[in-house]
Each structure stands twice: as structure tokens, then as C-alpha cells.
Amino acid sequence: MIPTATGFPSSKTKDGALYLDNAATSWPKPPGVAQAMAQFLAEVGANPGRSGHRLSIEAARIVYSAREAVANLFGAPDPLRVVFGLNITDGINLALHGLLRAGDHVVTTGMEHNAVMRPLRDLAQQGIEFTQAVCEADGTLDPHRIEEAIQPNTRLIALNHASNVCGAILPIRAVGQIARRRELLFLVDTAQTGGALPLHMENDCIDLLAFTGHKSLYGPMGTGGLILSERINPADLHPLRQGGTGSRSEREVQPDFLPDRFESGTPNAVGLAGLLAALEWLQEQGLETIRTHEKALCADLLDGLINTPGVIVLGPQDAARQTATVAFNIRGMEPSTVGLRLDEEFNILCRVGLHCAPSAHRTLGTFPDGCVRFGLGAFNTAEDIQQAVEAVRQLAKEAP
Amino acid sequence: MNEAFAVILVDSTSYALRIEKLLKQQGLACKLIPVPRHLSSDCGVCVRIQKQEADVIRTLLQEDQIHFLTIEDV
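In the order they appear, the protein sequences are chains A and B. Just so we're aligned: the first sequence equals residues 743 to 1142 in our numbering. Just so we're aligned: the second sequence equals residues 3 to 76 in our numbering.
Below you can see the structure in the form of C-alpha cells.
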């Protein structure tokens, strides 16, 4: 797919800024996404699954198709096991708060985002224990560390598939096999990898897969959720919210069936219409094509930064072992200064600081100062990488 | 057209949509309609089918392990 000016949206904003913050939110989106959302609002717009009229059913049909597309992408056993929520954080909270009870122990890693760490810290106040398996200084994980952290009361292993800070890919299949062998449940935060790397719930032994629509699935914000494997009994997972579902209206207790048990309130159907269009685009392109493209760009970026005097690159420094997200620092210059100067003087938009992941920064040795992160996406080009490397080179020259 | 109908009652709209998809694939006529009040006080939808095809559809759903509550004549 190498994106070109013809047929693909530009990675430059209207005022010419280069967007390198795809690890936070992918931008631009495939053209069909905005179109599908506008069309939903203009032509469908009714409340899905609530009223029995044809417009409501049409809205529900779009939501159901999005559910099927998500299920297909992640190898989910059944579209009705896809629970839509606000975003991936919502999905992770449902998994952790819904599943864990006092006395349970969780194994996680030293590379987690606050989407996992904050719920775990909160649950620790309620008698739930957790252990963070130590990761290497480049953000990678030896799966044996997970095995070593398992206790008699361990119930769940929870980790991210790749670091949002430095892109390091964690060995989820090996960890999934450990979980299966030790009869533990396995939760994977796929924020950085859903749509970017191959993932399959059954093959990777994933019981709870949290996903987001607005990063590498190329959909809009406000879409995401949690997929439950057949090893998860919905009755064992307590819903975070109760309320109207459009089903069993005669009863004032929450339904016990999927996905209604976990989907109270009107869903973001307009967002899901956009997500559906994004997933159709993703399927047309093929994950493999996008991954090949992003991997080549990532290799060029790593090469350029590693060979720039004064630049310290974090993470695996190997495009095959990381997502297309690259973290670095310029010696003698604060990340916040680098970010501001890249924005104001070089017209490059990226993210600096701690990236909501203090734990990961501790592992990488960059806490509390943080780092600079370039998050590449499907619409970036080789020219974008040259521009980014040149900008960093100039800043590094000026650093004391 | 034979106007004798039956309806498949389901847990929620998602289940109705799944059944609709399967029946359409099989070339069997169906329509999602609000659940008739005399069958259930639910505010959701059900799948209306031709009464004479009810037995075929019941077998099809059971074979495909598609969850439904009951099939009722209307």
C-alpha cells in the first residue's frame, strides 16, 4: 500500500504540520470513515435496538455489522461476545473491576499504561494483590518472568501487547500459553497493536481482549471495548453500569446475556458506523500490507535517529520487535522543549512526557523526565521520516 | 402470499439481527418487527417468518447453535 498523494489522505494538516502522534490517535482517517459517520447522522440516526421501527433496526444493523467486523479481526468466537464501550480504558476497567474479588492476585508487567495500573492500584485498596513482572530496560519481556510471578491465588495475567511509550512488543502468545497451562485468565490491552499486528484470541489464548477503535483500527474516538472468550461466563463479570438495554424491559434487573449485560445506555452508533467503515478499509488494505509499510518507515526512523549524535533512542531499536512507535531523547534538552520546538519551528506534531505510563518510563529509565515519542501510521511516507530525522538532527546540534 | 406468520422471540435485537442474516443467506423470508404485546411485554424486536417455514427454521437455528427463546404462531 505505500501511501501516495493519489488515493490516500495526507499525513499533513491543512497548515502543513506533519502528524506523528498516531500512537495517541491515528490521523488522518481513511476517507470512508467521516463519510459513513455523516451518512449515519443524516440518513439513519435512530436509536439502535431500542424501538422496533425500521430506522432503529437499520441503526442496530450497522452496530451489529461493526460487532462482526471486530470479531473477525480479532478471531473472537462470536460477534455477541464483543462488548462495545466508551474506549479501551472502559474495556480494561470492565475486565479488572468486573472480574476481580478480594483475595485475587494479578500478574502484570513493568511496561503497563495507567489504563491497567490505575484500576489495579484502586483494586489493591480492596484486597486485590498484583505483581509487576520485571521487563528488560528496552521494554521487552522474558515470559519466564511472568511464570515466576504467579502465586497460588493468581487469577489473571494482564498485560499490554506493545508499549505505548517505546513500541516494544510483548510475547503475548507465550504468555497466553502459560496462562492456559496454569489455568489462569489472560487479559490483553491491544491499544497499540489492534489492527497493526496479527492477533487472534484463540491462537494467542486470550480470554479478555480490550481494544480501541481510534488508533490502528483507524476509526473514530469513542469506540472500543472488551471481547470475552468462551472461557468467560458473563455471570462472573460484574457490569460497571446498569440501565436500559432495549431488552427485557419488563424486568428491573440487569440482563444476564451478551452483549446487553455490559452495554447499558445508548451506544455511540455514529462512531461505530465510522468504525465499521474503517474496518472495511483495513480489510481491503490487509494488515500485512500496512505492517510492512510501517515497519519500513520505522526502520528508517530508527536508523536516522540512532545515527544522530546526541540522540538516545529507547526501546528495542528493531523495527521487527516493535510497533511503528519510536521513543527518544536529545541529550541536554528536556523532552517538553523538544516537543514545543518541533511543533513551533519544525511543524511536527508528536507527544512528549510520560505518556500516561510512569511504570513503563521507570523500566526504560526515563522517569520522571519522560521522552519524545514519534508514532507513525499507515499514511506516513518516507519523506515524512526524512523530515522528522532532519528536524531532530538540527535540534540535537543545538543542544548543550 | 400466505399470510400466516410465526415469530422467533429472542433475547435482544443483536440476536434478531444474527438470525435475520442467517435466514437471508438461506433465502428464507423474514422481517424484524416489534414483539407483539400478547407474546411478551418486552419493548424489543422479534423475527417474523412464514408459519409454514417455522419447522425448517427451527432446525436450522438449532443446527447452527443460534440462540433463540421460542417460536410462536401469530
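Note that beta-carbon positions come from the ideal geometry of N, C-alpha and C, so glycine has one too.
Here the alpha carbons of H886 of chain A and V876 of chain A stand approximately 10 Å from one another. At a cut-off of 8 Å between beta-carbon atoms, A1015 of chain A makes no contact with chain B.
Under the 8 Å Cβ criterion, the segment 896-906 of chain A counts as touching the segment 839-853 of chain A, having at least three qualifying pairs. With distances taken between CA atoms, D1045 of chain A lies nearest to A:I1127 out of A:L939, A:S1078, A:N895, A:I1127. For L797 of chain A, no CB of chain B lies under 8 Å from its own CB, so it is not counted at the interface with that chain. Each residue's CA atom was taken as its position, placing R843 of chain A and L862 of chain A some 12 Å apart. Look at F1121 of chain A here: in three-state DSSP terms it is coil, with no helix or strand label. DSSP lists A:A1069, A:R1093 as the bridge partner or partners of R1115 of chain A. Secondary structure note for H795 of chain A: it is in no beta strand (DSSP E), with a DSSP letter that is neither H nor E.
Your pair A952 of chain A and D931 of chain A checks out as a contact, with CB atoms roughly 5 Å apart and the cut at 8 Å. Checking the DSSP bridge columns, you'll see Q52 of chain B partnered with B:F7. In the DSSP annotation of this structure, T1050 of chain A is not part of any beta strand (DSSP E), being labelled neither H nor E. Under a 10 Å Cβ-count criterion, T1034 of chain A is classified as exposed, with fewer than 16 other Cβ atoms of the shown protein chains found around its own Cβ. Excluding its 5 nearest sequence neighbours in each direction, L1047 of chain A has C-beta neighbours in its own chain below 8 Å: V1053, V1055, V1068, F1070, V1131, V1134, listed in chain order. The straight-line gap separating the alpha-carbon atoms of R796 of chain A and Q64 of chain B is approximately 27 Å. A875 of chain A carries a strand assignment under DSSP once its states are collapsed to helix, strand and coil. D66 of chain B has a beta carbon lying at 8 Å or more from every beta carbon in chain A. Residues of the same chain with a CB within less than 7 Å of the CB of N1010 of chain A, apart from the 5 flanking positions on each side, are G964, T965 in chain order.
In the displayed model, L970 of chain A falls within a strand according to three-state DSSP. Counting only residues of its own chain and dropping the five nearest sequence neighbours on each side, I73 of chain B has a CB closer than 6 Å to the CB of A8, I10, A56, R60. The bridge partners DSSP lists for N835 of chain A come to none.
Using a Cβ distance threshold of 8 Å, V825 of chain A and P1001 of chain A count as a contacting pair.
Residues of the same chain with a CB within less than 7 Å of the CB of V76 of chain B, apart from the 5 flanking positions on each side, are F7, A8, V9, P38 in chain order. Burial state of E1036 of chain A is buried, judged by a 10 Å Cβ sphere holding 16 or more other Cβ atoms. Rounded to whole angstroms, the gap between the alpha carbons of A802 of chain A and V12 of chain B is 15 Å.
Interface annotation, P861 of chain A: not in contact with chain B, CB-CB separation never under 8 Å. 8 Å or more divides the Cβ of A808 of chain A from the Cβ of L1084 of chain A.
From the beta-carbon of V47 of chain B, the residues of chain A found nearer than 7 Å are G794, I799. Under the Cβ criterion of 8 Å, P38 of chain B is not counted among the residues facing chain A.
Following the DSSP letters along the chain, one finds P36 of chain B inside the beta strand (DSSP E) bounded by residues 32-36. Counting along the chain, T1105 of chain A sits inside the alpha helix (DSSP H) bounded by residues 1100-1106.
Taken in chain order, the members of the segment 992-1014 of chain A whose beta-carbon sits within less than 8 Å of a beta-carbon on chain B are E992, P997, F999, P1001, D1002.
Only exposed fits V995 of chain A, as fewer than 16 other CB atoms lie within 10 angstroms of its CB.
In the three-state reduction of the DSSP assignment, Y806 of chain A falls in the helix class. Rounded to whole angstroms, L982 of chain A and A1138 of chain A show a C-alpha spacing of 48 Å. Not one beta carbon of chain A lies nearer than 8 Å to the beta carbon of I21 of chain B.
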